[in-house]
Structures are given as C-alpha cells and as structure tokens.
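**Q**
Residue numbers (my numbering), protein chains in the order written: chain A, 465 to 1412; chain B, 6 to 194.
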C-alpha cells in the first residue's frame, strides 16, 4: 500500500511537472482495479495540462503533444525543443539549428534498414528549390537515426482548413490545384515520387502560399516478407493500381492530387470504404461517386480535370503534373487568343503571362544590378517589385475625360441600375508570402478607393465581409451579396515586371464590361491599383465634369508612391491580424510610410490600429499609449477621417472610457456612413452595456444614413430575430431584399423566419430562391424539405430532403428523409434512414451526452421504429435538459402518438400550447393528426387560433 | 520589468478605488494567460481568436468592476475566480448559440459545431466530470490546480499566489491537490 501511494505520488508529480509518462506501461502494470482507475484519472489530468499548454498553437498537432515523447533533447547539431507531430514513419520536432540560427522542423525517422536510400532520397529532396515545395535544408544520420530538417511552415494544413470552414469553392480549389501540380512537377523532375499526397500534407501559409510537405511515407516501404504487404500512403488517396501492389508512379501521384481536390470540394472521397478490403472491392467494382453528383454547381471544366485524374486506368490520366496544371489553369481562364497584346479585350478573365516563369532570386538580383538601385536590394518590398525604376504614377494625370467619349457613353448604358460592387481578392499567381500580402492589399485598397469616392448609387461591399464569406467567384458574389458588378483580377510578378489582367463583370449575364491586360514595369506595383481604379471609375462615373481631375491625394491619400505601396501592404497584412508577425510587419510598413509622408493621415490611423492590436494581445499600456498618439495625430491631420475616429474609439474603449468611445464611434459613423466597422463597434459597445434599445436605435440610424444598403436592414433583422420579434425581423429582411433581390443570405434567413412562424408557403418561396442561388449547401435543402413537409406537400419534400442527405449525411438529414419516406408510404426505406439517424446520433452522443437536440431526435427515431424504452429514455433526458421549449414538447408529443400513448401526447400538446405554440404550428406536425378525434385536441387547436 | 511586483490583491484594491493604472497592470497579468486558457475551452472553428479576446477581456473587465463583496486573500483565489467567471461566460455563449432553431433544422453557416480542443482530447463527459470534481475541492486545492494545470503558472508564481513559503512547497501542494482531484473524479461515477 505504501509502495502504491509512493507510486501515485510520483505519477502525480510527473503530471504537475509536465514530464512525460509511459501511461500504457503504468496502466498495464497495475493489477488493482481501483488503483488503475486512479492512474487513468491522472492520465486525464496530464492530458488536460498538455491541452492547455498547447492551447494557443493551432498549427501544432495536439495529438502528438499528448503522447509521451522521448526525453531526447538533441539530435546531431540540432536542439530538440518540442514534438510537433507523429506518424507511422517517425516523429517531427520543432528544433533549433544553431548553424542556420533558426527554428526548423526536424523529422526523425524510425530505424529502418533502408537508411542509405533514405539519405539519398533526402538529398534529392534538398535539391528541390520550389516555392510550393517545403524547403529541405538537409538530411543526415546520427546515432543510427536518420533525420531530415526543413523549413517550419506557419499555417494550417488544407485538412484543418477544411474542417474549420467547410468545403472549398471551385475557383479556389482550381488555384490550389495549380500550385500543387507545380509542386508535384518539381518533385517528379528531381526523379522522385511523392507517394503520400493528401490534405494533411499540404499547408497554406499565412500569406496564401501552398506548400507541399511530408515526404515521410516515401521512404518507408513495406518490409520484405511482410505478409500483409500494405502499401504506404493513405489508402483513400491511393490509386487503384498502387493499392493492388504495383509501385507508385508519377501518374499515381496525379491520382492522389485528384482525390485531394475532390476532397476539398466535397469533404468526401471518390471511392470509399471503412476497411482496406472494402476499399479494394469498391475499386474493383468501379464504385466511385462522380464529383458532380455531390457538387452540381461545379464548372464542367473543373469536373473534367478531376475525373480524368481519377481515372482508374493510369494511361488515361493526365500524363504529367505540368499537363494537369495547364488543364486546371484553362478552367480558371480560357486560353489567350492570338493577336491581342495590351489594350482592352472583350473576353472573360484573361490570363496573360508565362505561367511557368520562375521568379528566382537570381533574376531579381540581376535586374537590380542593372538598374543600379543596389541599396534597395535589402528592402523587403522590392523583392516583390523585383527591382527597376520607379515609374511616376501620375505621369499621366488622372483625367476623367475620355478620348473615346462615344465608347464611354455606350459602356455607361451597359451598367446595371443598382451598382453593387464586389471586389474579389486579386489573385497572385505563384504567390510567395509577401506577394500574397500585396495582393490582399490590392483588393482592400481598391474597395476602399471606390467606397471613399462616395459616388451615389454605388455600394461597395467591405472587403472584410467578402473575405469572411470566402467569396471568390462571380456566382458567389451574386448569391451572397446580390452583387451586380464584380471586379476581379490576376497578377503575376516575373523577372522585373508585373503582369496583370482584370475585368469588371456584370453579374446578371456574366458579361465583361471592361477587360484589360497590362504589363507594368516592376517597381510600380501600386500603379496597378491606380490604373484599375481609374478604369473602373471612368466606367462608373461618365458624368464627372471635365477639367476637374481629382487630386491624387484625395483618391490615394498621399503623393508619395512608395508610402502608398507600403500602406497597401500593411492593409493586406492586417487582414490576418490574428498573427503577430503580420501586425509587426504592418507596423514596420506604416512607420516607414509616415516617415516618408508625415501628412499621411490614413496611414497614421492604420498604424494606431495596428498598435492597438498589440495592446489587445499583450495588454501592455505602452502600446495603447502609442496607439492613442497615432490616432490623435491622424485625427488632427484630417479631422473628417472616419478611420481616425474609429481608432480613437477603440483606444478609449480599452481604457474603459465607454462613453467617450461611443462619442468617437459616432463621429466615425458621421464622417463615413458607409463605414461598417464603426457601426459594428458602436453596436457592440452598446450591447455590452446591455443598452439594447440604444443598440437598436444605432442600427436604425445606420439605416437612415445609408438607406440603400441592404446589410443595414439585415443586421437589424437579425437583432430582432434573436429577440423573437418575428414580425419586425421579417419586415426588415423583406426590405433588405428589395434592395438586393438576389441575396441568398437574406432569402434564406427570411425563409426560416416564415417557416418558424408557421407560414410555410411563404417560407418555401424564399428557401427555394435561396437554393437556386446556392445549390451546393445542405441546410437550405433540408429546411426547404421540412417546410414542404409541414405544409403537407409531401411529394415536393422528397427531392430536397434526399439532396440534403446526399450532401450531408447526419442524424438530422437522415431523420427528416426517413420521415418523408414514411409519410409517402416508403416504410422500408424510412426504417433504413431511421437506423442511420440512430447510429449517427448515438455516436455523437458518445462525444456529447448532454446534447438535448440529439437526444430528442434520436428518441423520436426510436419511437418510429417501435422501440419504446429506448425512445422514452432519450425523450425524457431531452426534456429534462431543455425544458420549456414548445417545439421540443411537440416533437415528444408526436413520438408518444406513434408509441400509442395518446394521453401523454395530448398533455405535451397542451403544455406546448400554453407556451404559445399555435394551431398552425401544430398542423405542421402531421403525426399529430391521429389525435384529431380527441376532444382535448380540438380544445388546444381552437384556443390558439389559426395563427399568423 | 522591475523587481518585486506588487501583489495582485493589492492591485485589485487600488483598481477598485479607481486607479486605472492598477487595473491595467492587473489585466496585463491575467489576460494573456486567461485568453490562452479560454482558447482550449472554446469550440474550434466556431470562434476565431479575436472573439476569444473580446470574451475574455470583457468578462474580466466586468468581473473586476462588479467584484464587491469578494475579497480574495490570495492571488490564487482571484485567479480562480476570474477563471470561473470566464467558464460561466463560455457556457452561456454556447448555450445562447444553440438556442433558437428547432433541432431538425440545420444552421446556415456552421455545418457541425466542433468540440473545443479540450473536449476533443478527453471528451465532453470527462470534461464535465473534471469540473464537477474540481468544484468539490477545498479552495486552496482548487486554486492550485487551476493555476498549475490550466493556467500553466510556474512554481515561483504559485508560491506567491498560494501564499507558500517556497516554490517547492507550492509543488508539493499542487501535487497533493492533483491526487485529491483524481480521487474525487473516481468517486463521481
């Protein structure tokens, strides 16, 4: 007993010290049950500590943290700091390389008799220098262990992004695919096959760079004589021939790329199975799900490329990664037609440039030397600009008069009446981190330029919203925001030049109103924004009087080209303000910008904002003070500048000066009614102070100031919805719709409001329209199907519910589908789906036994299958955990009806009615019809009237 | 950063008296740690870091302002108090997020709410059991656990927080607290 106490103490000590413990060993060497349970609890506590230790590191693999690692502290010349990841191949550590003086990722492979060839392959890997391939610094062997050390990539894997944000869009996927193909082509060129391409092995760095990682599986092959002969690589990604035992080849890598793209678009895999045997059998019988089944919205070109890559016959796949890349590029833009160089081109988005150009450092240095700007070699921004002479932006004054007046008038007539513009993120081909930052900045600044002009009838969607909603196509812009115009562009930096293509597209028919391609000398990247803004403005405002050219400062805030460029970069960096180094970068850029132009008011405001971010993170007052100073400076330089006031507001709020903060926010709003940030800030402060009435008034005022902006109405509608004021919510959503008739978000929300009120027909109307605009998401189908069901239009409900289930098979979609099958007489299929729903629901309850929503629905499913005790168990728990919800009570009532307990069902109905459930809502649950003959039923229905 | 820092308890008293510099320092001490802690408790993907910051900062602000009647004797107590306040706030947020829609409907944006990192690691049920057991411990024991296991304070800091004569004494105390917690978790089956 004493010994055991000591042992427990020792383990407890390890837990509090954070030292690794071999828990498996400890548990297995503890025969006593109670003791073992105690050890288990200690393990849980050790896990908790590890989770909290790793809490702010989203890029590190949490699982690896939880397992005991070796106490190894160094390997060869590298110091091991922490375990980052673990796999079948070995372990990845965060390490310090004192020779390179930087942190690296070090992969130490399990001991294997193949060390020599691993090292050889590793050296080949190290020879690959490609922006989209992880940079391997070296490979060597120490103490019988082979290790590979490489650059530490700061970002998330595509798998993590997929899990956090859901499926990717077609455009984005095609772009990721092109970068990935380039990477794989580079690997193949070095004579290697990757063998393990999967979503977990591709990372996206903060600035957008796609990086192919982890060649680990490449080295470890099945041991000779191993009876299982399991192929390496993740089975779901493996080409069928490799699964069958053939060696991996370049085209099997291509297959894996196809699987990855498929997975990003659908979250599923083309061929699925839960064991290797099932998978092999599925491949053998060619049981693959075509990607267009799951994503009917995909452009045909994308579908074709992916399906070709997934062809079971290796000879029919794209021959090389380079070929696949070209095919993907063609889906982004049609091939350039001959005979057009610069100048307007009436075609959809054009892709100029030699896309395989490699912007090597060598080229840049050469250009630099040529131009003689040696000292600028060190400056970061020039790595992007790739040297050369600064071309005066305003060499050609911004003259609104157009030579071709006739042309302008004509194009003016092509404009839609409502001008709702979305600026899509400008895509930089082959982006490295800095170029990526720049491109984000371009979109942000363009948006801001257009908005600041304050042209009547012109609404520009804020770039933060565009980004948050992940809008990257014309269709999405139209669906999400009701955009009538989209501005998009593609940029490439190459060998001293900037090549760009951009278009202004009318969304109703995808007609391109302006299309331009240009090659600009490098060192003039901001000229791009100038040029684009000019073109767009000219397009949009043909009526501007001649001879009143806008001062460049008015449009851009400064005359200093470089300062403007730095500001652009800083704006781009601040889009990702969560990450400290981006904030630091922004501060550097902006500090330099204001040093160059001390009158640059908006840069001061941005600087204040960045410093405030630092304060927000570190809580050190010095940052807040600096922020305050910068904001004050900005405000004094330009008292009408909204951003300055917003900046001041944030500082004051942080000092607890809520009232003063409100003042500043109000001013910010006054100076720039279109400034969404300020509204959000004000609304949220008021909400924080529990001043709901004033928050409401703010939102109403916002609408007054900008009555043409649909989002103002939608915002307040949401406010009302959350407070259960359905009438006001639907009124405001309807108004939002009149301003933005094709806005799927509003349509969907409004549809839900009606459905919840019991007005199914109206709800259906809106949900159907929402679906037409965004046909690739499950929720609208599910909710539409439910609305039909409740409206008793059973036949209409089947297709949407089937579609919802096929896009997203969960306990909810399964149960809803089961219900409609049941109501349309397809009892066997209904039972199958109820079984599915029960399985999925029970699984989720394992993870979260307190989720009353799941309990409720699973209870109903059991009831439908006649399993009374299971049903009651779940229903009772649900009502216990979540009492007082009329809808819950009604669902329980339907379950009891089916189980034959009419009295209980009626009691539940009565309770729901007392909580305000209306007759219309009861009628939406067809199972209750069985109670029609009961007098209590009639009493409930008449008491609550027909409902609104 | 200076020599012997004044205790948080003193800072709290001064902050209460209206000393905004003291308030700032207090926030500076607790916020980074509490924010990190909160990010382990919030569902992944359902919130991003800026939301976490607001929630933590906001809760701490409010708590410190309305802290009348609570006179912590030890730093550890204040810290545990703040941590509990945030815990409650997180629970409220999650409850509120799940409120309105009927269970058969699917919300538009979040297709499936993900578990918090902690829940992913040890499961929801175990997390609840941990919380329940933690609540049953004596104050000093709870503070020790919260400080070391959750907030990752060093033994030096903990000596100050728990009023122990040395870092080693703090270590002994938290080790003992861990044992008791394990026993409590075992009992609660």
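Built from N, CA and C at the ideal position, the CB exists for glycine as well.
Is there at least one Cβ from chain B nearer than 8 Å to residue 1084(A)'s Cβ?
**A** Here residue 1084(A) is taken as the residue at index 620 of the first chain, counted from 1. Output row for residue 1084(A): interface = yes.
**Q** Could you tell me the boundaries of the beta strand (DSSP E) in which residue 668(A) lies?
**A** Position 204 of the first chain, counted from the first residue, corresponds to residue 668(A). Counting along the chain, the beta strand (DSSP E) containing residue 668(A) begins and ends at 666 to 669.
**Q** I need the DSSP call for residue 1230(A), collapsed to helix, strand or coil.
**A** Within the first chain, the letter at position 766 stands for residue 1230(A). Look at residue 1230(A) here: in three-state DSSP terms it is helix.
**Q** Taking Cβ positions only, does residue 3(B) come closer than 8 Å to chain A?
**A** No statement about residue 3(B) is possible, as the shown extent of chain B runs from 6 to 194 and does not include it.
**Q** Anything in chain A within Cβ reach of residue 183(B), meaning under 8 Å, just list it in chain order.
**A** Taking the first residue of the second chain as position 1, residue 183(B) is located at position 178. Per Cβ cutoff of 8 Å: 476, 479, 480, 506 and 509.
**Q** Taking residue 501(A) as the query, report the chain B residues whose CB atoms sit under 8 Å from its CB, ordered along the chain.
**A** Walking along the first chain from the start, residue 501(A) turns up at place 37. Under the 8 Å cutoff, chain B gives 191.
**Q** Return yes when the C-beta of residue 1093(A) is under 7 Å from any heavy atom of the ligand GTP, and no when it is not.
**A** Judged by which ligands are present, the structure shown has none, so any question about the ligand GTP falls away.
**Q** Measuring straight from C-alpha to C-alpha, what distance separates residue 140(B) and residue 189(B)?
**A** On the second chain, residue 140(B) is found 135 positions in, with the first residue counted as 1. On the second chain, residue 189(B) is found 184 positions in, with the first residue counted as 1. So the two alpha carbons sit approximately 10 Å from each other.
**Q** Can you tell me which of the three DSSP states residue 1290(A) falls into?
**A** Sequence index remark: in the first chain, residue 1290(A) carries index 826 (1-based). It is coil, neither helix nor strand.
**Q** With 7 Å as the limit, tell me which residues of the region 25 to 47 of chain B have their beta carbon closer than that to any beta carbon of chain A; keep them in chain order.
**A** 25, 29, 32, 33, 36, 37, 41, 42, 44 and 45
**Q** Could you work out which residue in 479(A), 701(A) and 597(A) is closest to residue 669(A) when comparing CA atoms only?
**A** Working through the first chain from its first residue, we reach residue 669(A) at position 205. The residue with the shortest Cα to Cα distance from residue 669(A) is 597(A).
**Q** Helix, strand or coil for residue 1358(A) per DSSP?
**A** As a working mapping, residue 1358(A) is identified with position 894 in the first chain. If DSSP states are grouped into helix, strand and coil, residue 1358(A) belongs with the helices.
**Q** Label residue 1310(A) either buried or exposed according to how many other C-beta atoms from any shown protein chain fall within 10 Å of its C-beta, with 16 as the threshold for buried.
**A** Taking the first chain and counting its residues from 1, one reaches residue 1310(A) at position 846. Per the 10 Å Cβ criterion, exposed.
**Q** Let's test the definition: count the other Cβ atoms within 10 Å of the Cβ of residue 480(A) and tell me whether it reaches 16, buried, or not, exposed.
**A** The residue labelled residue 480(A) in the question sits at position 16 within the first chain. Answer is buried; the Cβ neighbour count reaches 16.
**Q** Does residue 11(B) have its Cβ less than 8 Å from a Cβ in chain A?
**A** As a position in the second chain, residue 11(B) is number 6, starting the count at 1. No, residue 11(B) does not count as interfacial toward chain A.
**Q** Residue 188(B) touches chain A at which residues, Cβ-Cβ below 9 Å?
**A** For the purposes of this step, residue 188(B) is taken as residue 183 along the second chain, with counting starting at 1. Within 9 Å Cβ-Cβ: 502 and 505.
**Q** Taking only the alpha-carbon atoms, compute the straight-line gap between residue 1262(A) and residue 1217(A) and give it to the nearest angstrom.
**A** In the first chain, counting from the first residue as 1, residue 1262(A) sits at position 798. In the first chain, counting from the first residue as 1, residue 1217(A) sits at position 753. Going from the Cα of residue 1262(A) to the Cα of residue 1217(A) covers about 22 Å.
**Q** Going by DSSP, which residues form a beta bridge with residue 892(A)?
**A** The residue given as residue 892(A) occupies position 428 in the first chain. DSSP lists 955(A) as the bridge partner or partners of residue 892(A).
**Q** Have a look at 975(A), 922(A) and 1339(A) and flag the residue whose alpha-carbon is nearest the alpha-carbon of residue 1372(A).
**A** The residue labelled residue 1372(A) in the question sits at position 908 within the first chain. In terms of Cα proximity to residue 1372(A), the closest of 975(A), 922(A) and 1339(A) is 1339(A).
**Q** Is there contact between the region 1384 to 1392 of chain A and the region 1225 to 1232 of chain A, where contact requires at least three CB pairs shorter than 8 Å?
**A** no
**Q** Tell me the rounded alpha-carbon separation between residue 1221(A) and residue 1134(A).
**A** Numbered from 1 along the first chain, position 757 holds the residue referred to as residue 1221(A). Numbered from 1 along the first chain, position 670 holds the residue referred to as residue 1134(A). Cα to Cα, residue 1221(A) sits roughly 37 Å from residue 1134(A).
**Q** Write down every uninterrupted run of the alpha helix (DSSP H) in the region 719 to 800 of chain A whose length is 4 residues or greater and which is fully enclosed by it, in chain order.
**A** 740 to 748, 755 to 758, 764 to 773 and 785 to 796
**Q** So does the region 564 to 572 of chain A actually touch the region 634 to 653 of chain A, counting three or more Cβ pairs closer than 8 Å?
**A** no
**Q** Listing by chain order, which chain B residues have their CB less than 9 Å from the CB of residue 473(A)?
**A** By one-based count along the first chain, residue 473(A) stands at place 9. Residues of chain B passing the Cβ test: 180, 181 and 184.
**Q** With the cut-off set at 8 Å, would you say residue 592(A) and residue 650(A) are in Cβ contact?
**A** Within the first chain, residue 592(A) is the residue found at index 128, counting from 1. Within the first chain, residue 650(A) is the residue found at index 186, counting from 1. Yes, they are a contact pair.
**Q** What residues from chain B crowd round residue 1119(A), counting only those whose CB sits closer than 8 Å?
**A** For this step, residue 1119(A) is matched to residue 655 along the first chain. Within chain B, the residues placing a beta-carbon under 8 Å from that of residue 1119(A) are 25, ordered along the chain.
**Q** Quick check on DSSP: helix, strand or coil for residue 50(B)?
**A** The residue given as residue 50(B) occupies position 45 in the second chain. Here the model assigns residue 50(B) a pLDDT of 47, short of 50, so the residue's position is not dependable, and the following value carries that caveat. DSSP places residue 50(B) in coil when its eight states are reduced to three.
**Q** Pull up the distance between the alpha-carbon of residue 1341(A) and that of residue 560(A), whole angstroms please.
**A** The sequence position of residue 1341(A) within the first chain is 877, counting from 1. The sequence position of residue 560(A) within the first chain is 96, counting from 1. Cα-Cα distance, rounded: 53 Å.
**Q** Are the CB atoms of residue 704(A) and residue 747(A) within a distance shorter than 8 Å?
**A** Against the first chain, residue 747(A) aligns to sequence position 283. Against the first chain, residue 704(A) aligns to sequence position 240. Result yes, Cβ atoms of residue 747(A) and residue 704(A) sit closer than 8 Å.
**Q** Taking 6 Å as the limit between beta carbons, can you name the residues of its chain near residue 737(A), skipping five residues before and five after?
**A** Counting from 1 along the first chain, the entry for residue 737(A) is found at position 273. Contacts found: 743 and 746.
**Q** Considering Cα atoms alone, identify which of 1119(A), 615(A), 758(A) and 585(A) is closest to residue 1269(A).
**A** The sequence position of residue 1269(A) within the first chain is 805, counting from 1. Of the listed residues, the one whose Cα sits closest to residue 1269(A) is 758(A).
**Q** Could you please give the first and the last residue of the uninterrupted alpha helix (DSSP H) stretch that includes residue 43(B)?
**A** As a working note, residue 43(B) is residue 38 in the second chain. 25 to 44 is the extent of the alpha helix (DSSP H) around residue 43(B).
**Q** Would you grab the beta carbon distance between residue 1369(A) and residue 1395(A) for me? Rounded to a whole angstrom, and I think it's under 8 Å.
**A** Position 905 of the first chain, counting from 1, holds the residue named residue 1369(A). Position 931 of the first chain, counting from 1, holds the residue named residue 1395(A). About 6 Å separates the two Cβ atoms, so the contact holds.
**Q** Between which two residues does the alpha helix (DSSP H) holding residue 1109(A) run?
**A** As a first step, residue 1109(A) must be located in the first chain, where it is residue number 645. Element bounds for residue 1109(A): 1106 to 1118.
**Q** Using a threshold of 8 Å, state whether the C-beta atoms of residue 1131(A) and residue 1146(A) are closer than that.
**A** Position 667 of the first chain, counting from 1, holds the residue named residue 1131(A). Position 682 of the first chain, counting from 1, holds the residue named residue 1146(A). Taking 8 Å as the Cβ cut-off, residue 1131(A) and residue 1146(A) do not qualify as a contacting pair.
**Q** Mind pulling the chain A residues with CB within less than 7 Å of residue 157(B)?
**A** Within the second chain, residue 157(B) is the residue found at index 152, counting from 1. Near residue 157(B) (Cβ distances below 7 Å), the residues of chain A are 516 and 517.
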